[in-house]
Structures are given as C-alpha cells and as structure tokens.
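**Student:** Protein chains in written order, with numbering that gives the first Met the number 0: chain A, 0 to 219; chain B, 0 to 221. Backbone N, C-alpha and C fix where the C-beta goes; we use that ideal spot for every residue, glycine too. Everything numeric in this text was worked out from a predicted model, so none of it was measured.
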Amino acid sequence: MADEVTLLDLWSSPFAMRVRIALAEKGIEYESKEEDLSNKSALLLKMNPVHKQIPVLIHKGRPVCESLIIVQYIDEVWRDKSPLLLPSHPYDRANARFWADFVDKKIYPTGKLVWGAAGEVQEAAKKELVGCFKLLERELGDKPYFGGEKLGFVDVSLIPFYSWFYALETCGNFSIIVECPKLVAWAKRCMEKESVSKSLPDQYKIYCFLMELKRKFDAK
Amino acid sequence: MEEVKLLGTWASAFSYRVLWALKLKGVQYEYVEEDLFNKSELLLRCNPVHKKIPVLIHGGKPIAESAVILEYIEEIWPQNPLLPQDPYERTLARFWIKFGEDKFPIFYKFFHSVGEEQVKATKEAKELLKVIEEHGLGEKKYFGGDNIGLTDIAYGWIACWLGVLAEAAGVQLLDAESFPKLQAWADRFKEVPLIKDNLPDPDQMLNYFKLRREQLVASATS
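1. Taking the beta strand (DSSP E) that D8/A falls in, what are its first and last residues?
2. Is the CB-CB distance between E255/A and C189/A below 7 Å?
3. What is the residue span of the alpha helix (DSSP H) that H111/B lies within?
4. Helix, strand or coil for H58/A, going by three-state DSSP, please let me know.
5. Between the C-alpha atoms of K170/A and R187/B, what's the straight-line distance to the nearest angstrom?
6. Quick check: is the beta carbon of E1/B nearer than 7 Å to any beta carbon in chain A?
7. Exposed or buried, which one is E64/B when buried takes at least 16 other CB atoms within 10 Å?
8. Can you find the residues in the same chain that come closer than 8 Å, C-beta to C-beta, to V113/B, ignoring five residues on each side of it along the sequence?
9. Please state the DSSP three-state secondary structure of C170/A.
10. Is there a C-beta anywhere in chain A that falls below 7 Å from the one on F188/B?
11. Rounded to the nearest angstrom, what separates I96/B and K215/A at their Cα positions?
12. Going by the beta-carbon positions, is the gap between W77/A and L139/A smaller than 7 Å?
13. For the region 62-83 of chain B, which residues have a CB atom closer than 7 Å to at least one CB atom of chain A, in sequence order?
14. What are the boundary residues of the alpha helix (DSSP H) that V54/B is part of?
15. Short check: CB of R92/A to CB of L84/A, under 7 Å?
16. Let's test the definition: count the other Cβ atoms within 10 Å of the Cβ of R89/B and tell me whether it reaches 16, buried, or not, exposed.
17. Give every residue of the same chain whose Cβ lies closer than 7 Å to the Cβ of L209/A, excluding the five residues on either side of it in the sequence, and list them in chain order.
18. Give me the residue from P83/B, K51/B and E29/B with the minimum Cα distance to S39/B.
19. What are the boundary residues of the beta strand (DSSP E) that includes K32/A?
20. Kindly list, in the order they appear in chain B, the residues whose Cβ is closer than 7 Å to that of E65/A.
21. With DSSP run on the structure shown, which of helix, strand or coil describes P61/B?
22. When you compare the CB of F142/B with every CB in chain A, is at least one pair closer than 7 Å?
23. Can you give me the C-alpha to C-alpha distance between L35/B and P47/B, rounded to a whole angstrom?
24. Taking any Cβ of chain A, which residues in the region 34-61 of chain B have a Cβ under 8 Å from it, in chain order?
25. For R19/A, count neighbouring C-beta atoms within 10 Å of its own C-beta (all shown protein chains included) and say buried if the count is 16 or more, exposed if not.
26. How big is the Cα-Cα spacing for F109/B and E65/A?
27. Grouping DSSP H, G and I as helix and E and B as strand, with all else coil, what is G7/B?
28. Is there at least one Cβ from chain A nearer than 7 Å to Y154/B's Cβ?
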C-alpha cells in the first residue's frame, strides 16, 4: 500500500537514488516527498533528528535512516519480492557489504574533491578515484553485475555515482571510459534497467547542480 | 569445523570488537598479533584494499572491516544472537554502529591535536557523546536492550579505551556527572564477564598511548 511507505527524497542525492532503485527493483509503491535542504521539513527533523539528512524511509510510521541501512531493510522486509539484493551466503554478504562500504569511504569523498576542488588537491583526488574505479573493475571481473547475473547490493550502492560522471570528467579533465572501460560498460548495462534509469537524473543536470553547489561553497 | 584466525593488534579497540564477538559466540580461534609498522604478507594478502586490522580469516577466506566482520560472525554463528531478529530493530542497531564508525575520526581528533584545536576537538567529542547517550542509549541498560549486542561491542571503545586516551592526551571526556547514563553503561559493560576477562592491560595501554601522544605532539609541533 502506497500510504505505508514514504521516502524523504532529493532528486540530486546519490544516496536517495540508491533507495529509489531498491524500491523500484522490488516493485514497492511509495510516496516520495522532495526535501529542500535549505529549508528542512518538520517531518525530516522529526524522523532524522541525529543527522537531519535524507534519504529517510518511513515505513508504517517508523523512520529508517542511512541509505545502505535502508536498502538492507527493504531487502529483509520484502524478501519475498525478487530480486534479493544481498546474496544468500554469509561470506558473499560480507563481501557485498565490504564493497558497498568501500564506495561510501572512497568514491563519495574522493569524487567530491574531483568536481569540487582545484589544483593539486583535485589532481591527487583524480588519481585516487581512478585507482578506486580500477579496484572496483577488478572486483566486478567478468560478471555482468557485482551481484552476479542480476543487480545486487554493490550495484545499487555504486550506480548512483554514474550520474556524477559528466561532472567528474569535465572538472577533472579526463575520460572515465578511457581509464575504466569495463566500469562504464557495467554502468550502461545497469542503466538499461528501468529501476535505474528512472532513478538517476540526467548527467548534465547533475553537473549544473554540482557547479552551483560549488559556487555557493566557494563564495562562503 | 573450519579454522578461524583473527589478525589484530593488542591495543586496538577494533581488534577487540571482533575478539569479543567470537568469545561471546563461543568460537575457537587463533589470534595473530600484527606489527603495523611491518605488516605481514598474510595481512597484505588478506586485506589488499585497506591493509588494516582486524581481519578475520574463516576457512582460509578473509573478511575485512570490523563492522562487516561483526555481521558475518552474527550470521555464521547464530548462537547467542547479538543483533535483534526484527528487521526494524536491526536498522537501529546498524544505524548506531555506523554513527560510531563515521564519527570516530572526528572523535579521535582530541588525541591528535594540541592547543586551541584540541579544545575545539574535545568540545566536539563531548557533543558526540551526548548524542550517543541521548539518542542511542536512552534509558536502556545496554545498547542491545537487556543484554549486550553488536552495538555495545562497537561502542566498547567508549567504555574501555576513551578514559586511557583522554588521560594520555591530558583532557577530560566521559564522566558520571556530565554523562550519567553513558558512564553507567560503560561500568556495566566492563563488568560483563567475557568482556572483563578480555581487556588489554590498563597500565600497558596507558604507557602505549602516552608514547603515541608524545610522538603525535612532536610531529604536530615540529
């Protein structure tokens, strides 16, 4: 029932995109409430008093915060709805959690420096980001998805950052397809799925948004 | 029974998280002390991405990142459950484990800094302790409820390491007056028999962290 599930959402957030993808993969109906982070709603402040951040999934009136925790919750509560995003074997689950954690620890902060910083800091971040992408390519191997034959937890964790690619390439002055062709092939494969293509905004739109964010930050 | 090996270091709270979880589950394991200034070939092979401890090796297969290891232990050895069964309650446990992970570098800054920066870092650390106490622990006996769980294990560093780190750095952080509930939890946690019997020697810890602090201050002020 749509009134049971609400997502406090933000079109540009890679973390919110993860949740949108997971909900779409499971075919779960929900209400999306777009937040304005410069004017946070009373509902957001009530549901996530600790971080005051999106995404927040509200299920039967109770909030779940932190995108990867939300995705795991969705997988557990709707485990009768395929696909299962996390693998069934504990070792494979640990491996999936490790790489999703890697995306959070490395891709997000390093990516931010590539589109947000300049000079030596940006150059160093670019090198590190390419290194991280190559590690992910190695982990992917010959599989169509990180989840194997189907989209899984790591795919959902990483694919939102594909929406950053135009911004990363333009600001960092490099080509991701040249550096990491397998990763780009994987991303395009993911984008063929409606759950992903409908959850990710256009890359140019994201570029403009990130540049506006950068302008505001630099102005402070 | 497949072989279980833990690569850790004696003074690391992250190492002890895994040790405590294994002990609480009654799992037999071999402990290997790593020298972080001279990392073993085994460590580098088992955690090539981060090259850090702790690493759990189960039946020859490595698992890295303590929070990931804790969930693995919980799933492989379901006896004495350390996470709630209910999916919603599990999200709360995971939220607080992640909060501690994410905030740890901010928290730890008081140990690395000097002067004004240390004053600011100490204030920030206290604010984080307040959030953990009010929102995470609340009125519960343990983070896990009536019994300790993975969240208590993940915050074990507050109970067992924070005092030593603060003393070595010359600051005051956790005290009963400012944080009555958190202090009470810390005292309770340290009395849990399997925890009490598995703690690094406090004098050794203080000496070690005093030395680390001296080294950090020397490089910060040079």
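**Tutor:** Put simply:
1. Within the first sequence, the letter at position 9 stands for residue 8/A. Note, D8/A: beta strand (DSSP E), V4 to D8.
2. This structure cannot settle anything about residue 255/A, because the visible part of chain A is limited to 0 through 219.
3. Here residue 111/B refers to the residue found at position 112 when the second sequence is read from its first residue. H111/B -> alpha helix (DSSP H) spans P86 to H111.
4. Against the first sequence, residue 58/A aligns to sequence position 59. Strand.
5. Residue mapping note: residue 170/A aligns to position 171 of the first sequence, counting from 1. Residue mapping note: residue 187/B aligns to position 188 of the second sequence, counting from 1. What sits at residue 170/A in the sequence shown is Cys, not Lys. Distance between the alpha carbons of C170/A and R187/B is about 52 Å.
6. Position 2 of the second sequence, counting from 1, holds the residue named residue 1/B. So, not an interface residue.
7. Residue mapping note: residue 64/B aligns to position 65 of the second sequence, counting from 1. Looking at its Cβ environment, which holds 16 or more other Cβ atoms inside 10 Å, E64/B is buried.
8. Residue numbering aside, residue 113/B sits at position 114 when the second sequence is read from its first letter. Excluding positions up to five away in sequence, the list reads V216, A219 and T220.
9. By 1-based counting over the first sequence, the position of residue 170/A is 171. Reduced to three states, the DSSP call for C170/A is helix.
10. Your numbering for residue 188/B matches position 189 in the second sequence. So no, F188/B is outside the interface.
11. The count along the second sequence starts at 1 and reaches residue 96/B at position 97. The count along the first sequence starts at 1 and reaches residue 215/A at position 216. Answer to the nearest angstrom: the Cα atoms are 33 Å apart.
12. In the first sequence, counting from the first residue as 1, residue 77/A sits at position 78. In the first sequence, counting from the first residue as 1, residue 139/A sits at position 140. The answer is no: Cβ separation not under 7 Å.
13. I62, A63, E64, V67, E70, Y71, E74 and I75
14. Sequence index remark: in the second sequence, residue 54/B carries index 55 (1-based). Run containing V54/B: none in the alpha helix (DSSP H); it sits in the beta strand (DSSP E), V54 to H57.
15. One-based indexing of the first sequence puts residue 92/A at position 93. One-based indexing of the first sequence puts residue 84/A at position 85. No; because the gap between Cβ atoms is not below 7 Å, this pair is not in contact.
16. The residue labelled residue 89/B in the question sits at position 90 within the second sequence. By the 10 Å Cβ count, R89/B comes out buried.
17. Within the first sequence, residue 209/A is the residue found at index 210, counting from 1. Contacts found: W114 and A166.
18. Here the question's residue 39/B lines up with position 40 in the second sequence. Selected option, being the one with the closest Cα: K51/B.
19. Walking along the first sequence from the start, residue 32/A turns up at place 33. Unbroken beta strand (DSSP E) run through K32/A: E30 to E33.
20. Translated into the one-based positions of the first sequence, residue 65/A becomes position 66. The answer, in chain order, is F94 and K97.
21. Taking the second sequence and counting its residues from 1, one reaches residue 61/B at position 62. The answer is strand: DSSP assigns P61/B an E or B state.
22. The sequence position of residue 142/B within the second sequence is 143, counting from 1. Not an interface residue.
23. For the purposes of this step, residue 35/B is taken as residue 36 along the second sequence, with counting starting at 1. For the purposes of this step, residue 47/B is taken as residue 48 along the second sequence, with counting starting at 1. One C-alpha to the other measures close to 14 Å.
24. V48, H57 and K60
25. The residue labelled residue 19/A in the question sits at position 20 within the first sequence. The residue is buried, with at least 16 neighbouring Cβ atoms inside 10 Å.
26. Indexing the second sequence from 1 puts residue 109/B at position 110. Indexing the first sequence from 1 puts residue 65/A at position 66. Spanning the two alpha carbons is a distance of roughly 26 Å.
27. Counted from its first residue, the second sequence places residue 7/B at position 8. If DSSP states are grouped into helix, strand and coil, G7/B belongs with the strands.
28. Looking up residue 154/B in the second sequence gives position 155. Output row for Y154/B: interface = no.
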